[in-house]
Each structure stands twice: as structure tokens, then as C-alpha cells.
Amino acid sequence: MTDRKTPEHAPIAQFQSADGELLIGGQPLSRLAARVGRTPFYAYDRRLLDARVATLRAALPASIKLHYAMKANPMPALVCHMARLVDGIDVASAGELMVALDAGANPQEISFAGPGKTDAELRQAVAAGIMVNIESPREVPILDAASAELGLPARVSVRVNPDFELKASGMKMGGGPKQFGVDAEAVPELLQAIGRAGLAFEGFHLFAGSQNLRPEAIVEAQRKCFDLALRLAEHAPSPVRFLNLGGGFGIPYFPGEQPLDLAPIGDNLATIVAEAADKLPDAEIVLELGRYFVGEAGIYVARVLDRKISRGQTFLVTDGGLHHHLSASGNFGQVIRKNYPVAIGNRMTPPDGVEPASVVGPLCTPLDLLGDKMPLGHAQEGDLVVVFQSGAYGASASPQRFLGHPEVVEVLV
Ligand SMILES: *Cc1c(COP(=O)(O)O)cnc(C)c1O
Numbered sequence: 001m002t003d004r005k006t007p008e009h010a011p012i013a014q015f016q017s018a019d020g021e022l023l024i025g026g027q028p029l030s031r032l033a034a035r036v037g038r039t040p041f042y043a044y045d046r047r048l049l050d051a052r053v054a055t056l057r058a059a060l061p062a063s064i065k066l067h068y069a070m071k072a073n074p075m076p077a078l079v080c081h082m083a084r085l086v087d088g089i090d091v092a093s094a095g096e097l098m099v100a101l102d103a104g105a106n107p108q109e110i111s112f113a114g115p116g117k118t119d120a121e122l123r124q125a126v127a128a129g130i131m132v133n134i135e136s137p138r139e140v141p142i143l144d145a146a147s148a149e150l151g152l153p154a155r156v157s158v159r160v161n162p163d164f165e166l167k168a169s170g171m172k173m174g175g176g177p178k179q180f181g182v183d184a185e186a187v188p189e190l191l192q193a194i195g196r197a198g199l200a201f202e203g204f205h206l207f208a209g210s211q212n213l214r215p216e217a218i219v220e221a222q223r224k225c226f227d228l229a230l231r232l233a234e235h236a237p238s239p240v241r242f243l244n245l246g247g248g249f250g251i252p253y254f255p256g257e258q259p260l261d262l263a264p265i266g267d268n269l270a271t272i273v274a275e276a277a278d279k280l281p282d283a284e285i286v287l288e289l290g291r292y293f294v295g296e297a298g299i300y301v302a303r304v305l306d307r308k309i310s311r312g313q314t315f316l317v318t319d320g321g322l323h324h325h326l327s328a329s330g331n332f333g334q335v336i337r338k339n340y341p342v343a344i345g346n347r348m349t350p351p352d353g354v355e356p357a358s359v360v361g362p363l364c365t366p367l368d369l370l371g372d373k374m375p376l377g378h379a380q381e382g383d384l385v386v387v388f389q390s391g392a393y394g395a396s397a398s399p400q401r402f403l404g405h406p407e408v409v410e411v412l413v
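Sequential numbering of the sequence shown, starting at 1, is according to the UniProt record's numbering.
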């Protein structure tokens, strides 16, 4: 009954099922739903987080430091788990800084980026002893004043807006005119100002984009970022001790997409590490990743409230929707809406095959669509719809107040 022309999602390999039920952290989904006590909810599997970090470490040179960019998923328990697995946490607000510190992350290994840091946030960063990635000359005198007042040197890096663009798909966040970072050509002057102010200069932060599935594009970006950092290092007031080459590693969401091949990235970084040993001997090289660490470890679960047939088309109306999972609805940066992988979590091996069905939410807008005419097991009221690849940019990236439905629950299993 599946439309043969509709491309299929790659199978979700990270989750197993047993007796027709999806397993999360070894537990059948219906039991997990019972223990959570209500739907909808997000569940994140800590063993998958462990496995992902281990896979990355095995594929990359041992000296590469891994930072978790917590905006991808700021759930406190998950940040706590990640803080023990990775080498540092990247925050993008004082609110995230609070969560990272509560999670036990070492302030020495926390960095703070973002184009609109308030004076108060910069002062909090200095007081916490974390590193600020400077994105504007405006931040220098504010950090200087906070340093003087608190008697603590502000630790800073410069976030550079590169003079090249990432060729690949995905969200571009560097090159051309951007609100992020300082244009590469303006960095030498900023470095002088940092030196004059006596801030503790540590290095550079270059972040070229997000959700990239093409290893050759990531390799090229890392090479160009490294070369740019070498050029800028000649203007630095002190040796570079920190070089953040960004991340942008993507995960497969849509039909036809394949997991990122880490091998060429590892080889390229090995070359960069060897060159850095000679040219930037004091520098630790950091990658900052959000989605790649957490995206595949999470699912979103909603319950079917109604099975409606409209003019021959099946709609599964659920208690969850775009107010919890804007990304899966296609309204978080997608140009053309595509389906995330979706399944009926308590009918993983449907005995009576699949049928095309659309999964919608309770909101009064046609945008509230979690799956458009997908092949799904014959779902009934009470069944559990699962949206995979939902560990990143989920709950915190969704308009939860829209229409006044209850907030989503999150659990780490
Ligand atoms: C959003 C962001 C990240 C994380 O991006 P992912 O695609 O989730 O890996 C990393 N660094 C910076 C500066 C960001 O803004």
C-alpha cells in the first residue's frame, strides 16, 4: 500500500524493538509511557549519548577536545550527563551558563558565544571565570570594566566571521555579512584593543554552519578555518591556547540522507593537529557540536487521540504537535517541508502491514503536521506515535505557549 515513488527513510538503527514495541534504554515504550505518567514526552537514551561520544573520540585524533553546544538540548539532566562525557560546554546565554555550572561543568572549559550579550551577562561570565567568545568590539570595554571591578582577568577568544563561505547545504553562519563574530579583516584591530585592555587572550572561535552531511565540505571548512587562524595568530597579543574550529556535523533526518562519514574528517584533523604542533604549539583544538551528540539519542512521543478519515485520507490526531516539536513540523528553518522518521511505537512490526497516514497535532493550524502521508502501522486511539531524530532542537526550540496546551515532559532514560 506504500506509494512506491515516495522515497523511504533510512532505517532507524540506534533503537531496537521487541515484541512489536520500541525499546528506549532497554524499556518497552508503553512501560516508559506509564512511568512518565502522561504524554507527550521526549525521551533521551543515555547509552546512545555515551556511544556517540565514544564513536567520535575513536574517529578523531586523541588530542581533539569535544565541547557540547548545549543550545541543541539544554535539559539539565542531559547537560549534567554530557558534562561528564565531553571536555567542555558551550553556552549561548547567562541562562545556559547557569545550567552548565549547576551541571558541574568546569568553568575553565565553558565558553560563551552569542551576538547580543548584555552587560550583565558579560559580567556574570567574568565572575564565573568562563571564556567569552567576543563577537563585537563593544564587548571589550564592558569586559574590561567587569575585570577591574571583580579583580578577575576576563578570559576571551575572538569569534571570527570568516572571509569564505561553507559550500555545503545546511544553515550558514559564517562568511559574507553576518551578525555572528567579527569580520576576519577587522580582527587584527580588535586583537590590539584586547591587548591594550589587558584582557586574557586565549584564542579563536570559528563556526561556519550547522547540519552538514557532506564530509568534504566540513574538511574544507576546517582547513580554511585553521589557515585563517594561523594568519590571525600573527596579530595576537599572546600565543594562541585555544582554537575552536566549530562543528556543524549533521545527522540524517530525511529520506535519502545518509549518516556523516567521519573517516575523512578524522584524517583531515590529524593533519591539522600535526601542523598545529609546529605552528600553534600551545593551542588545544576544539570542536563544538550540539545536534550530532544528542539528536539521534532522542525521541518525541505523542498519543493518538483520534483516527479520522477525511475524503479517503487517514489522519492520526495526537496530543502532541508543533508547539512541542517545531522542527519536525518543518517550521524551524526548513525551506521545503519533509517528514522526520515517524513510527507507531507500539506497532513496530504491524501484522497487517502499513497504511499511508498523516500525523497531526491538536492546534488549529494546518502547520501542525508531524508526518505527511507516511507509511505507518494501522494506528488506533491510544497508540503511541514516535518521532525519531528528536534529541536536538526539540522542546526548547518550540513555541510551547502557543494555544495554551500543557508543556512537554522530558526524561533521560
Ligand atoms: C548552534 C551552534 C552550535 C551547535 O550547532 P549544531 O548544528 O547543533 O552542532 C555550535 N556552535 C555555535 C556557535 C552555535 O551557534
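Note that beta-carbon positions come from the ideal geometry of N, C-alpha and C, so glycine has one too.
Practice task
Pick helix, strand or coil for Arg155, following the three-state DSSP scheme.
Solution key: The residue you call residue 155 lines up with position 155 of the sequence shown. Strand.
Practice task
Look at Val408 and Tyr300 and say whether their C-beta atoms are less than 9 Å apart.
Solution key: Mapped onto the sequence shown, residue 408 falls at position 408. Mapped onto the sequence shown, residue 300 falls at position 300. Contact: yes.
Handout entry: CA-to-CA distance, Arg46 to Asp3, given in whole angstroms
Key = Position 3 of the sequence shown, counting from 1, holds the residue named residue 3. Position 46 of the sequence shown, counting from 1, holds the residue named residue 46. In this prediction, Asp3 scores a pLDDT of 47, lower than 50, which makes its location untrustworthy; the coordinate-derived value is nonetheless stated afterwards. Using only the alpha carbons, I get a separation of about 36 Å.
Exercise for the section: Check whether the Cβ atoms of Val359 and Leu367 lie closer than 9 Å to each other. Expected result: As a working mapping, residue 359 is identified with position 359 in the sequence shown. As a working mapping, residue 367 is identified with position 367 in the sequence shown. No, Cβ-Cβ distance for Val359 and Leu367 is not below 9 Å.
Problem - Cβ pair Tyr340, Phe388 closer than 9 Å - result: Along the sequence shown, read from residue 1 onward, the residue named residue 340 stands at position 340. Along the sequence shown, read from residue 1 onward, the residue named residue 388 stands at position 388. Contact flag set, yes.
Problem - Residue from Leu85, His205, Ala302, Gly37 with nearest C-alpha to Arg48 - result: By one-based count along the sequence shown, residue 48 stands at place 48. The amino acid at residue 48 is misidentified as Arg; the sequence shows Leu. The shortest C-alpha separation from Leu48 is found at Leu85.
Practice task
In angstroms with no decimal places, state the Cα-to-Cα distance between Phe249 and Ala72.
Solution key: Here residue 249 is taken as the residue at index 249 of the sequence shown, counted from 1. Here residue 72 is taken as the residue at index 72 of the sequence shown, counted from 1. If you take the alpha carbons of Phe249 and Ala72, they lie about 12 Å apart.
Problem - Distance between Glu296 and Gln14 (C-alpha atoms, nearest Å) - result: Within the sequence shown, numbered from 1, the residue matching residue 14 stands at position 14. Within the sequence shown, numbered from 1, the residue matching residue 296 stands at position 296. Answer to the nearest angstrom: the Cα atoms are 8 Å apart.
Handout entry: Segments of 4+ residues assigned as alpha helix (DSSP H) that fall wholly inside the segment 286-344
Key = 291-294, 326-329
Exercise for the section: Out of Glu234, Leu152, Phe41, state which residue places its alpha-carbon closest to the alpha-carbon of Val413. Expected result: For the purposes of this step, residue 413 is taken as residue 413 along the sequence shown, with counting starting at 1. Checking every option, the nearest Cα to that of Val413 belongs to Phe41.
Practice task
May I ask you to check if the CB of Ser396 is nearer than 8 Å to at least one heavy atom of ligand 1?
Solution key: In the sequence shown, the residue the question calls residue 396 occupies position 396. No, Cβ of Ser396 sits at least 8 Å from all heavy atoms of ligand 1.
Practice task
With a threshold of 8 Å, establish whether the CB of Ser358 neighbours any heavy atom of ligand 1.
Solution key: Mapped onto the sequence shown, residue 358 falls at position 358. No, ligand 1 has no heavy atom inside 8 Å of this Cβ.
Exercise for the section: Can you list the residues near ligand 1, meaning Cβ strictly closer than 6 Å to any non-hydrogen atom, in the order they appear in the chain? Expected result: Ala69, Lys71, Ala72, Asp90, Ala113, Phe207, Ser210, Gln211, Gly247, Gly248, Glu288, Leu289, Gly290, Arg291, Tyr292, Ala392
Handout entry: Cβ-Cβ distance between Asp87 and Leu56 below 9 Å
Key = As a position in the sequence shown, residue 87 is number 87, starting the count at 1. As a position in the sequence shown, residue 56 is number 56, starting the count at 1. No; because the gap between Cβ atoms is not below 9 Å, this pair is not in contact.
Practice task
For the beta strand (DSSP E) containing Glu21, list its first residue and its last residue.
Solution key: Looking up residue 21 in the sequence shown gives position 21. That run of the beta strand (DSSP E) goes 21-24.
Handout entry: Opening and closing residue of the alpha helix (DSSP H) in which Asp102 lies
Key = Numbered from its first residue, the sequence shown carries residue 102 at position 102. Unbroken alpha helix (DSSP H) run through Asp102: 94-102.
Handout entry: Cross-strand partners of Leu32 (DSSP beta bridge)
Key = Translated into the one-based positions of the sequence shown, residue 32 becomes position 32. Per DSSP, none; premise fails for Leu32.
Exercise for the section: For Gly371, write down the residues that DSSP places opposite it in a beta bridge. Expected result: Here the question's residue 371 lines up with position 371 in the sequence shown. The partner list for Gly371 (beta bridge, DSSP) reads Val359.
Exercise for the section: Indicate whether Ile89 and Met70 have their beta-carbon atoms separated by less than 9 Å. Expected result: Counting from 1 along the sequence shown, the entry for residue 89 is found at position 89. Counting from 1 along the sequence shown, the entry for residue 70 is found at position 70. Yes, the pair counts as a contact, with Cβ atoms nearer than the cut-off.
Exercise for the section: Please check the pair Tyr68 and Phe293, which I expect to be a contact at CB under 8 Å, by giving their CB distance rounded to whole angstroms. Expected result: Residue mapping note: residue 68 aligns to position 68 of the sequence shown, counting from 1. Residue mapping note: residue 293 aligns to position 293 of the sequence shown, counting from 1. Tyr68 to Phe293, Cβ: 6 Å. Contact.
Handout entry: Under the three-state DSSP convention, the category Phe402 falls into
Key = Looking up residue 402 in the sequence shown gives position 402. In the structure shown, Phe402 sits in a helix (DSSP, three-state: H, G or I).
Exercise for the section: Express the C-alpha separation of Pro351 and Val286 in angstroms, rounding to a whole number. Expected result: For the purposes of this step, residue 286 is taken as the residue at position 286 of the sequence shown. For the purposes of this step, residue 351 is taken as the residue at position 351 of the sequence shown. The straight-line gap from Cα to Cα measures roughly 49 Å.
Handout entry: heavy atom of ligand 3 below 8 Å from Phe201 C-beta
Key = Of the ligands one can find in the structure shown, namely ligand 1, none is ligand 3.
Handout entry: Cα-Cα separation, Ala62 to Phe201
Key = As a working note, residue 62 is residue 62 in the sequence shown. As a working note, residue 201 is residue 201 in the sequence shown. Computed Cα separation, rounded: 25 Å.
Problem - Exposure label - Cys364; buried when at least 16 CB within 10 Å - result: The residue you call residue 364 lines up with position 364 of the sequence shown. Cys364 is exposed by the Cβ-count criterion.
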